[in-house]
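Residue numbers (my numbering): 50 to 199. We put the beta carbon where it would ideally sit given N, CA and C, even for glycine. A quick write-up on the structure given underneath.
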């Protein structure tokens with residue numbers, strides 16, 4: 050339900066052209082910041098990178114963060130972080146703070162959509178304005194209608 054709804058929003062935003070870049074990242078239960086940075090950078094590179102140059106690989110987290118900041122600087126982006134888990138609240142808070150740090154260079158109006166089974170995103174920090182939407186379970190008829198549509 051949550052992922053399907055987020056995919057619909059993501060597809061709509063890609064077609065809308067309001068955002069310079071729309072990124073979709075599936076966040077596994079045990080993710081690393083470097084992996085997520087790499088996926089964001091790769092999607093940004095596909096959109097803004099030099100077409101005749103090979104996609105660069107960065108082994109250092111700091112270099113990858115710096116390159117991600119360069120490519121996102123001044124761009125209005127829409128980022129979906131799908132299926133974030135909150136097994137260890139302190140560890141996830143630290144990772145998410147680190148994950149969000151290069152995104153601050155984005156143009157005003159940039160948005161991040163997070164899907165999670167957890168109902169609190171307070172771990173994103175005090176500087177991040179959050180709005181939580183609870184998605185109710187679908188009844189059988191609505192589920193079948195959605196399933197048949199997609």
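Residue 58 carries a helical assignment under DSSP once its states are collapsed to helix, strand and coil. If only complete runs of 4 or more residues are kept, the region 82–124 shows the alpha helix (DSSP H) at 82–97, 110–121, in order along the chain.
Taking the CA atoms as reference points, residue 105 sits about 43 Å from residue 186. Less than 8 Å divides the Cβ of residue 117 from the Cβ of residue 90. Note on geometry: alpha-carbon atoms of residue 126 and residue 69 lie some 6 Å from one another. For residue 187, there is no enclosing alpha helix (DSSP H), since its DSSP letter is neither H nor E. Under the three-state reduction of DSSP output, residue 198 falls in the helix class. Secondary structure at residue 71: strand, using DSSP grouped into helix, strand and coil. Setting aside the 5 residues that flank it on each side, residue 75 is surrounded in the same chain by 131, 132, each with a C-beta closer than 8 Å to its C-beta; the list follows chain order. Residue 154 carries a helical assignment under DSSP once its states are collapsed to helix, strand and coil. A distance below 8 Å between beta-carbons, with the five flanking residues on each side excluded, links residue 63 to the following residues of its chain, in chain order: 71. Sequence-distant partners of residue 161 (beyond 5 residues in either direction) whose C-beta falls short of 6 Å from its own C-beta, in its chain, are 128. Collapsing the DSSP output to three states places residue 180 in coil.
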